[in-house]
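S.K.:
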Amino acid sequence: MVTVMGGLAAVAVLVSSAAASSTGNLPRGCATEVSEELVLRSRSAISARPPTVELGARQADSTNTTAVLSFYFHIILAENNHTTDFITDDLLARQLDILNDGFVAMGYKFDLIETTRIVNDTWFYNATQYSPIETEMKTALRKGDRKALNTYVVGFPDTSDSAWASLPATLGPLDWPDGRWLIDDGVVLHNSVLLNGSNWYGWNKGKSLVHEAGHWVGLYHTFSGGCEANYDYIDDTPLEAVPESSISALGGCPIGRDSCPDDPGLDPIHNFMDYTGDDCRTEFTPGQVAFAHSQMEMYRQVYV
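Letter by letter, the sequence shown follows residues -20 to -1, 1 to 284 in mature numbering (1 follows the signal peptide of the UniProt record, and there is no 0).
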């Protein structure tokens, strides 16, 4: 690992923040968005390689092949701000271990190539989603091709969004020029939901990065479409109501919760793509494994 110190000055389904507060310690939600165009591209990958549960189960059981993906940490710091002092190289190594443990069943392993630490107050406080500052930061820092996962850790104070990620379909087919879409590709995390971060609602044990990387490999939230439709396009994740923007509906591990009582199955509370607490989220399903493989093959040229 190299550490670089710097001083650089569904049908359209909007997955918006489910957080209730904008202060640093309170629950924060994932702001990954899924547009109608992205859903259509994702379905193209599904048509090319139908992601059946049976196929996913066979893939998850296979221990013969692993796709190794390059991984880059970009830790954004601010002068006279000590909220990031806990982000040591050892902590980042443990965070990466948690990420890799989550993706064993998919056959993906993230290999840390470089950790970059940049002191830049503007990026730290203002790199919010879709902002010119976010684009400036990613343009300056992003490394690797479309197979490389870049993760940016920031500290913006005035938003309820804790993280967001790009999906493989955002890049378009392999014959598209990468350009701006490749610059945008990656994960942005608020430092409070990093391992040992300040988020007190159970999203600070390393699973937020697993959740966002789940989007990066092509997965949607388990509750996409709510009780009305299966808009995560996964056959083995039961329908689940969209979480309310309230503390009572987020985090924790509500064993036996059935938010769609008229539909089969209990809520998939142990799924990495749900909004339960980190202690509760432990799995991807075989259907998700197959779905992710179809997306990664078509849009990132990653094969397992």
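The beta-carbon is built from N, C-alpha and C at its ideal position, and this holds for glycine as well. Computed from a predicted model, the values in this text were never measured in an experiment.
Ends of the alpha helix (DSSP H) at residue 191?
M.R.: Position 211 of the sequence shown, counted from the first residue, corresponds to residue 191. Unbroken alpha helix (DSSP H) run through residue 191: 187 to 196.
S.K.: Helix, strand or coil, according to DSSP, for residue 111 in the structure here?
M.R.: Here residue 111 is taken as the residue at index 131 of the sequence shown, counted from 1. It is coil, neither helix nor strand.
S.K.: Thinking C-beta only, is residue 149 closer than 9 angstroms to residue 104?
M.R.: The residue labelled residue 104 in the question sits at position 124 within the sequence shown. The residue labelled residue 149 in the question sits at position 169 within the sequence shown. Cβ distance not < 9 angstroms, so residue 104 and residue 149 don't count as in contact.
S.K.: As an exercise, report each continuous beta strand (DSSP E) stretch of at least 3 residues that is fully enclosed by the region 115 to 169, in chain order.
M.R.: Segments of the beta strand (DSSP E) lying fully in the region 115 to 169: 129 to 134 and 141 to 145.
S.K.: Between which two residues does the alpha helix (DSSP H) carrying residue 277 extend?
M.R.: In the sequence shown, residue 277 corresponds to position 297, counting from 1. Run containing residue 277: 266 to 280, per the alpha helix (DSSP H) assignment.
S.K.: Is the region 228 to 244 touching the region 266 to 277 in the sense that three or more CB pairs, one from each, lie closer than 8 angstroms?
M.R.: Judged by Cβ distances under 8 angstroms, the region 266 to 277 makes no contact with the region 228 to 244, as fewer than three pairs qualify.
S.K.: Any idea if residue 170 is buried or exposed, counting beta-carbon neighbours within 10 angstroms, 16 or more meaning buried?
M.R.: Position 190 of the sequence shown, counting from 1, holds the residue named residue 170. By the 10 Å Cβ count, residue 170 comes out buried.
S.K.: Expressed to the nearest angstrom, what Euclidean distance is found between the alpha-carbon atoms of residue 255 and residue 222?
M.R.: In the sequence shown, counting from the first residue as 1, residue 255 sits at position 275. In the sequence shown, counting from the first residue as 1, residue 222 sits at position 242. Looking at the two C-alpha atoms, the distance is approximately 10 angstroms.
S.K.: Following the continuous beta strand (DSSP E) through residue 256, name the residue where it begins and the one where it ends.
M.R.: Residue 256 sits at position 276 when you count from the first residue of the sequence shown. It is not in any beta strand (DSSP E) - residue 256 carries neither H nor E in the DSSP assignment.
S.K.: Which residues in the same chain as residue 202 place their Cβ atom closer than 6 angstroms to its Cβ, once the five residues preceding and following it in sequence are excluded?
M.R.: Your numbering for residue 202 matches position 222 in the sequence shown. The residues are 212, 217, 220, 248, 251, 253 and 254.
S.K.: Which residues does DSSP pair with residue 251 in a beta bridge?
M.R.: Numbered from 1 along the sequence shown, position 271 holds the residue referred to as residue 251. 263, per the DSSP bridge assignment.
S.K.: The beta strand (DSSP E) that contains residue 98, what's its start and end?
M.R.: Locating residue 98 in the sequence shown gives position 118, where the first residue counts as 1. Segment 88 to 99, the beta strand (DSSP E) holding residue 98.
S.K.: Would you report the Cα separation of residue 236 and residue 246, rounded to the nearest angstrom?
M.R.: On the sequence shown, residue 236 is found 256 positions in, with the first residue counted as 1. On the sequence shown, residue 246 is found 266 positions in, with the first residue counted as 1. So the two alpha carbons sit approximately 6 angstroms from each other.
S.K.: Please confirm whether residue 239 and residue 207 have their CB atoms less than 9 angstroms apart.
M.R.: Locating residue 239 in the sequence shown gives position 259, counting from the first residue. Locating residue 207 in the sequence shown gives position 227, counting from the first residue. Contact: yes.
S.K.: Please list, in chain order, all residues of the same chain as residue 60 whose beta carbon is under 7 angstroms from its beta carbon, the five residues on each side excluded.
M.R.: Along the sequence shown, one-based indexing puts residue 60 at 80. For residue 60, where only same-chain residues beyond five positions count, there are no Cβ hits under 7 angstroms.
S.K.: With a Cβ-Cβ cutoff of 9 angstroms, do residue 115 and residue 52 count as a contact?
M.R.: Against the sequence shown, residue 115 aligns to sequence position 135. Against the sequence shown, residue 52 aligns to sequence position 72. Contact: no.
S.K.: Using 9 angstroms as the threshold, is the C-beta distance between residue 10 and residue 143 below it?
M.R.: Here residue 10 is taken as the residue at index 30 of the sequence shown, counted from 1. Here residue 143 is taken as the residue at index 163 of the sequence shown, counted from 1. Against a cut-off of 9 angstroms, the Cβ pair of residue 143 and residue 10 comes out as a contact.
S.K.: When burial is assigned at 16 or more other CB atoms within 10 Å of the CB, is residue 111 buried or exposed?
M.R.: For the purposes of this step, residue 111 is identified with residue 131 of the sequence shown, where counting begins at 1. It is exposed - the Cβ of residue 111 has fewer than 16 other Cβ atoms within 10 Å.
S.K.: Within 10 angstroms of its Cβ, does residue 278 collect 16 or more other Cβ (buried), or is it exposed?
M.R.: Against the sequence shown, residue 278 aligns to sequence position 298. Per the 10 Å Cβ criterion, buried.
S.K.: May I ask you to list the residues that DSSP assigns as paired with residue 50?
M.R.: The sequence position of residue 50 within the sequence shown is 70, counting from 1. Per DSSP, 91.
S.K.: Which of helix, strand or coil does DSSP assign to residue 72?
M.R.: Within the sequence shown, numbered from 1, the residue matching residue 72 stands at position 92. Reduced to three states, the DSSP call for residue 72 is helix.
S.K.: State whether the region 69 to 79 contacts the region 183 to 197, with contact taken as three or more CB pairs (one from each stretch) at a distance under 8 angstroms.
M.R.: Verdict: yes, contact present.
S.K.: CB residue 87 to CB residue 129, shorter than 9 angstroms?
M.R.: On the sequence shown, residue 87 is found 107 positions in, with the first residue counted as 1. On the sequence shown, residue 129 is found 149 positions in, with the first residue counted as 1. Contact: no.
S.K.: Assign residue 263 to buried or exposed, taking buried as 16 or more other Cβ atoms, counted over all protein chains shown, within 10 Å of its Cβ.
M.R.: The residue given as residue 263 occupies position 283 in the sequence shown. Burial call: exposed.
S.K.: Taking residue 54 as the reference, which of 118, 83, 181 and 152 has the closest Cα?
M.R.: Position 74 of the sequence shown, counted from the first residue, corresponds to residue 54. It is 118 whose Cα lies nearest to the Cα of residue 54.
S.K.: In the DSSP output, what is residue 233 paired with across the bridge?
M.R.: Within the sequence shown, numbered from 1, the residue matching residue 233 stands at position 253. Its beta-bridge partners do not exist; DSSP assigns none.
S.K.: Just to confirm, are residue 90 and residue 209 a CB contact at a threshold of 9 angstroms?
M.R.: Mapped onto the sequence shown, residue 90 falls at position 110. Mapped onto the sequence shown, residue 209 falls at position 229. For residue 90 and residue 209, no; Cβs fall outside 9 angstroms.
S.K.: Please determine whether the Cβ atom of residue 198 lies at a distance below 8 angstroms from any heavy atom of the ligand ATP.
M.R.: In terms of ligand content, the structure shown is empty, and the ligand ATP therefore cannot be addressed.
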